[in-house]
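Numbering (UniProt numbering), first residue to last: 1 to 637. Ideal Cβ placement from N, Cα and C applies to all residues, glycine included. Data block below; observations after.
Here's what the structure looks like:
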C-alpha cells in the first residue's frame with residue numbers, strides 16, 4: 001500500500017515537471033504514446049479507489065481475526081472449566097468408591113486417644129487431583145500458605161508448570177515462593193492400615209512420579225503409641241535398608257492404654273494429623289503439603305498451632321524464632337557465631353508454646369544435612385538429605401515436661417562434678433607455665449574466687465595432642481600438682497585432629513592409630529589427611545570401637561604424665577582448615593547431592609572433611625553432625 005502511494009507521488013511530480021509522459025508498451029518498445037493530463041488524473045483516481053477498497057478489506061480481515069481469537073479464548077476457558085468440573089466429579093466418584101469400600105470392609109481401629117474399644121482411629125479420605133495441571137482454584141493459595149515446589153533451584157514458569165505446580169512471581173527478598181504446590185498435589189496414598197502391638201502400620205504408595213532422582217515408590221509407615229505423652233512415627237523404605245541414626249532410644253513393649261493425643265490418618269494425599277484429646281488443638285498436620293521421599297531428598301511439612309516456636313539449634317537467633325520465611329540450616333560447622341549461619345551443633349528439635357499456654361515438642365531423629373523452613377501461616381517444612389523420617393511428638397503439656405520427655409529419648413546431659421560448677425578461667429595466650437601461674441596468683445591476690453584453671457593449645461609441643469612443650473611448659477606436670485595442693489582443678493584442651501606429618505616412630509598417637517586402623521578413610525581407603533593447628537592431620541573415627549580403645553590408651557598415657565582433671569574437647573565439628581582434604585574430594589553424589597541445604601560456604605565439605613569419606617558405621621555424609629557426640633562418648637568412657 002505504501003509503495004502505491006509513493007508511485008502516485010512520483011507520478012504527480014513527473015506531471016508537474018512536464019505535461020505528458022512517454023510510456024513504452026511491453027510489446028512495442030519503440031512506439032511512443034502520449035497521455036493527456038486529464039487521462040492521467042482519471043487513472044490516478046481509479047488507483048486511489050483500489051487502494052481504499054484494499055484498506056477496507058484489510059480492516060475486515062482484522063475484525064474477523066479478532067472475532068476468531070475471542071471465540072478461541074472463550075472455547076479455551078470453557079474447556080478449562082469443563083476439565084476442572086470433570087476432575088471434581090472424578091474426585092467425588094473416587095471418594096464415593098472409597099467410602100463404599102470402607103463400608104464393605106467395615107474395618108475399625110482402636111483409637112490411640114482413648115482406652116475404649118468402641119472408639120476408632122480416624123481414617124480420612126480426600127481424593128487427589130487426577131488432572132494433568134492445576135486449575136485456577138487449586139492455585140488460589142494465600143501467600144503465607146504456599147509451599148515451595150522448586151527447593152533445589154529457581155524455576156521458570158515453564159519449569160514450574162512442568163512439575164504440575166503454580167507460578168506467581170513476587171517481590172525480591174525473603175517471601176512466598178514463586179513456584180508453589182497447588183491444593184491436592186499428588187503424593188503418596190496410605191493403604192492397608194493395620195494394628196500392631198505398639199500402634200499401627202501402613203503401606204504408602206506413590207501415586208504420581210516426582211521431579212526427584214532416586215524417588216522411592218513404596219514406604220512403610222509405623223505409628224508407635226509409646227507413652228501417654230509420646231508418639232513416634234517413622235517412614236522407611238521397606239525394600240532397602242537405609243542409614244538410621246545409631247542412637248539407642250527407648251523401645252516401647254506395648255501400646256499406651258490411654259494418651260493425651262488423638263491421631264488422624266489421611267489416605268490420599270497421605271498425611272497425619274495429631275491433636276490434643278482435650279480441646280482438639282491440632283499440633284501436627286502434614287496434609288498441608290506433599291510428602292517427598294527420595295534417596296537424597298526427604299521433605300515433610302506441617303502446620304503449627306502458634307508462631308511461638310523455639311529450638312532448632314545451634315544458631316545465633318532470638319529465643320522465639322522468626323516465622324517470616326526463615327531458613328534454619330543444620331550441619332555442624334566451626335564458625336564464629338553470626339546470624340543466619342549453621343554453627344557448632346545440630347539439634348533438630350523444636351518446642352511450641354500454644355495460644356492457651358500449653359506446650360508440645362517435635363524431634364526428628366536424623367543426622368543428615370538439613371534445612372528447616374518457617375513460614376507465616378504458621379507452618380514448618382523439614383528437608384533432609386538422607387536417612388529416614390523418624391519423628392517423636394511430645395505432648396508436654398508444659399515446657400518443662402516437654403524437655404523432660406525429649407531427654408527421655410535422647411538421653412540426659414552429663415552430670416558434671418561438683419567442682420565443675422565453680423569459677424573457671426581460660427583464654428588463648430597463657431604461653432608458659434610462668435604466665436599461667438601468674439594468672440592464678442593475680443586472682444588470689446585480688447581475692448577473686450577461682451576453682452578451675454584451664455590452658456588452651458599453648459601448652460602442646462607443635463600444637464600436637466598428648467604432648468607438652470619442653471621449654472615454655474617444661475615444668476607442666478609440677479604446675480598441675482601445685483594447683484591441686486592449692487585446692488584448684490585443672491583442664492586442658494584436646495583437639496581430635498592427630499598430626500600426621502612426623503617421621504614414622506616419632507609420634508605415638510599417629511603411629512598407633514595407623515597400626516590399629518582408627519582413622520577416617522578417603523575414597524582410596526587411606527587415612528584422609530586434612531589440616532588443623534599442627535598442620536597435616538588425620539581424624540579419628542569415633543564410631544569404631546577400636547578407636548575408643550586407642551583413645552583411652554592415649555588419654556591414659558598423657559594423664560600418667562600430667563594429672564589433669566578434665567578435657568576440653570574442641571574442633572570436633574570436625575573442623576578442617578582445607579576444604580575436604582589436602583587432596584580434595586571425589587566428584588560424586590555425596591559431595592554434590594541434588595539438594596544442598598543452606599550451609600555456609602555452599603558445599604558440604606566447606607570447613608570440614610569430605611562428605612564421601614568412610615567411617616566404621618557409614619559415610620561421613622550421614623555421620624558428620626554426630627562427630628562431636630561420638631568423641632564425647634569415647635572421652636566419657
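(message) With distance defined between alpha-carbon atoms, name the residue in 311, 369, 575, 358 nearest to residue 350.
(response) 311
(message) If you measure between the beta carbons of residue 524 and residue 500, is that distance less than 7 Å?
(response) no
(message) Rounding to the nearest angstrom, what Cα-Cα distance links residue 488 and residue 453 in this structure?
(response) 7 Å
(request) Could you name the residues of the same chain whose beta carbon sits closer than 6 Å to that of residue 440, not counting the 5 residues immediately before and after it, in chain order? (result) 453
(message) Just to confirm my understanding: we take residue 229, look at its own chain, exclude 5 residues before and 5 after, and list those with CB closer than 6 Å. What are they?
(response) 260, 395, 405
(request) My understanding is that residue 476 touches residue 433, with C-beta atoms under 8 Å, so please give their C-beta distance in whole angstroms. (result) 6 Å
(message) Helix, strand or coil for residue 376? Go by DSSP, reduced to three states.
(response) coil
(message) Which of the three DSSP states is assigned to residue 638 in this structure?
(response) This structure cannot settle anything about residue 638, because the visible part of the chain is limited to 1 through 637.
(request) Measure the C-alpha to C-alpha separation of residue 620 and residue 628 and round it to an integer number of angstroms. (result) 13 Å
(request) Go ahead and pull the three-state DSSP assignment for residue 191. (result) strand
(message) Check whether the region 246-266 and the region 414-426 are in contact - that is, three or more C-beta pairs closer than 8 Å.
(response) no
(message) Let's test the definition: count the other Cβ atoms within 10 Å of the Cβ of residue 522 and tell me whether it reaches 16, buried, or not, exposed.
(response) buried
(message) Taking the alpha carbon of residue 278 as the reference point, which residue from 262, 175, 530, 142 has its own alpha carbon closest?
(response) 262
(message) Once DSSP output is grouped into helix, strand and coil, what is the label at residue 97?
(response) Residue placement at residue 97 cannot be trusted, given a pLDDT of 46 that sits under 50; the coordinates are not used to answer.
(message) Mapping the DSSP letters down to three states, classify residue 285 as helix, strand or coil.
(response) strand
(message) Excluding the 5 residues flanking residue 155 on each side, which residues of the same chain have their C-beta closer than 6 Å to its C-beta?
(response) 179
(message) Just to confirm, is the Cβ distance from residue 378 to residue 319 under 7 Å?
(response) no
(message) Let's test the definition: count the other Cβ atoms within 10 Å of the Cβ of residue 66 and tell me whether it reaches 16, buried, or not, exposed.
(response) exposed
(message) Applying the 10 Å Cβ sphere with the 16-neighbour rule, what's the burial state of residue 256?
(response) buried
(message) Using 8 Å as the cut-off, can you tell me whether the region 168-175 makes contact with the region 190-206, which would need three or more C-beta pairs spanning the two stretches below that distance?
(response) no
(request) Following the continuous alpha helix (DSSP H) through residue 550, name the residue where it begins and the one where it ends. (result) 545-561
(request) Output yes or no for whether 7 Å exceeds the beta carbon distance between residue 569 and residue 631. (result) yes
(message) Going by DSSP, what residue range makes up the beta strand (DSSP E) through residue 442?
(response) It is not in any beta strand (DSSP E) - residue 442 instead sits in the alpha helix (DSSP H) that spans 433-445.
(request) Starting from residue 489, follow its DSSP beta bridges and name the residues at the other end. (result) 452
(message) I need the boundaries of the beta strand (DSSP E) containing residue 299, first residue and last residue.
(response) 297-303
(request) Would you mind sorting residue 31 into buried or exposed? The rule is 16 or more other CB atoms within 10 Å of its CB. (result) Caution applies to residue 31, whose pLDDT of 42 falls short of 50 and renders its modelled position unreliable; the model cannot decide the point.
(message) So, does the region 214-223 touch the region 363-376, judging by three or more C-beta pairs under 8 Å?
(response) no
(request) Would you kindly work out how many angstroms separate the C-alpha atoms of residue 352 and residue 411, rounded to a whole number? (result) 21 Å
(request) Using three-state DSSP, classify residue 384 as helix, strand or coil. (result) strand
(message) In the DSSP output, what is residue 361 paired with across the bridge?
(response) 351, 394
(message) Starting from residue 400, trace the beta strand (DSSP E) in both directions and tell me its first and last residue.
(response) Run containing residue 400: none in the beta strand (DSSP E); it sits in the alpha helix (DSSP H), 399-410.
(request) To the nearest angstrom, report how far apart residue 288 and residue 265 are at their CA atoms. (result) 13 Å
(message) Measuring only the C-alpha atoms, how far is residue 539 from residue 599?
(response) 22 Å
(message) With distance defined between alpha-carbon atoms, name the residue in 445, 606, 557, 480 nearest to residue 564.
(response) 480
(request) For residue 591, count neighbouring C-beta atoms within 10 Å of its own C-beta (all shown protein chains included) and say buried if the count is 16 or more, exposed if not. (result) buried
(request) Report the three-state DSSP secondary structure of residue 52 (helix, strand or coil). (result) helix
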